[in-house]
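Single-structure report; data block below.
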Amino acid sequence: MREYKTSEAQRRASKKYQEKANKDPEKRVRRTYLASRRTAKSFIRTKATREDLTELEKMIAERYELLNKIDIAAEKM
């Protein structure tokens, strides 16, 4: 039999929560967003090279520009 660090009750509760959360599209989208954000932060902190960071800076600047254009367009409506 497999040895777990968590109790059986905790595993059941986690499984129940996951099943419930998977039915709610908003929770699924939020969970995916948070996982992507964690991955990006971890990459930047632990593995990114100078070249990676330079490329990311450019991508971030482009994203800021796009979001600013969206904000301006929304204000005009």
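Just so we're aligned: the sequence shown equals residues 2 to 78 in my numbering. Don't be surprised by glycine CBs; every beta carbon is placed ideally from N, CA and C. Because the structure is a prediction, the values reported are computed rather than measured.
So, for residue i: in the same chain, excluding its five sequence neighbours on each side, which residues have a beta-carbon less than 8 Å away from its beta-carbon?
i           : result
leucine 57  : Ile45, Ala49
arginine 29 : Ala22, Asn23
leucine 54  : Ile45
Which residues in the same chain have their Cβ closer than 7 Å to the Cβ of residue i, if we skip the five residues on either side of it in sequence?
i         : result
lysine 17 : none
For residue i, tell me which candidate among the options has the shortest Cα-Cα distance.
i             : options                   : result
methionine 60 : Lys6, Asp72, Ile73, Ala41 : Ala41
Hey, which unbroken runs of the beta strand (DSSP E) at 3 residues or more fall wholly within the segment 11-50? None, since the segment 11-50 contains no complete beta strand (DSSP E) of that length.
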